[in-house]
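In this note's numbering, the protein residues as written are 3 to 187.
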């Protein structure tokens, strides 16, 4: 494949991922089927098989894309900053911008599919570790664990009620956790 063909195929794959994320967010993981995805995107299954070998290749790629784009890239960017407070504020903002209904659907899916559960645990562990590292600079290693669990629990809980409350509530909650840590340090 030429570089141009690779870029075009990556863009096409991203379109499939966006469609899948929309289905997950609005209808749940049970509705994520090839026919529904093709219908949503207005394409045929032939287009799908141009980008993916089979359904498992697609779901594995979707989950790896989610891990990479929603966790690993954010962690890499945040770790470039030395100031722990700045890192945590950046993480709070990034957390508020996540696709919360999609993430909630993936969490439900993870409960019935071990492959999904494995990726879900990697996402949670990556998020936990970056908060733990930053919090340790503020409150020390022992209390950092408590604050990291508090922050991750807040995010996960919010994902389950995101359709009822605006992102500003999550951002306020995460910033309040940081303020508590700074006041107690």
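Heads up, the beta-carbon is just placed ideally off N, CA and C, and yes, glycines get one too.
Return the CA-CA distance between residue 53 and residue 26, expressed in angstroms with no decimal places.
Cα to Cα, residue 53 sits roughly 20 Å from residue 26.
Would you call the segment 88-100 and the segment 44-63 in contact, with 3 or more CB pairs under 8 Å?
Proximity of the segment 88-100 to the segment 44-63 falls short of the contact definition, fewer than three beta-carbon pairs being nearer than 8 Å.
Any idea if residue 76 is buried or exposed, counting beta-carbon neighbours within 10 angstroms, 16 or more meaning buried?
Classification of residue 76: buried, given that the 10 Å Cβ count is 16 or more.
Could you pull out every residue in the same chain whose Cβ sits closer than 7 Å to the Cβ of residue 23, ignoring the five residues on either side in sequence?
Only 101, 104 meet the Cβ criterion.
Expected contact under 8 Å - CB spacing of residue 65 and residue 118 to nearest Å:
A Cβ-Cβ distance of about 6 Å is found for the pair residue 65 and residue 118, placing them in contact under the 8 Å criterion.
Hey, out of 85, 11, 71, 107, whose CA is closest to residue 163's CA?
Considering only 85, 11, 71, 107, the residue with the shortest C-alpha distance to residue 163 is 107.
Decide if residue 178 is buried, meaning its Cβ has at least 16 other Cβ atoms within 10 Å, or exposed.
The residue in question, residue 178, is exposed, as its Cβ has fewer than 16 Cβ neighbours within 10 Å.
DSSP on residue 50, reduced to helix/strand/coil?
Residue state, collapsed to three classes: helix.
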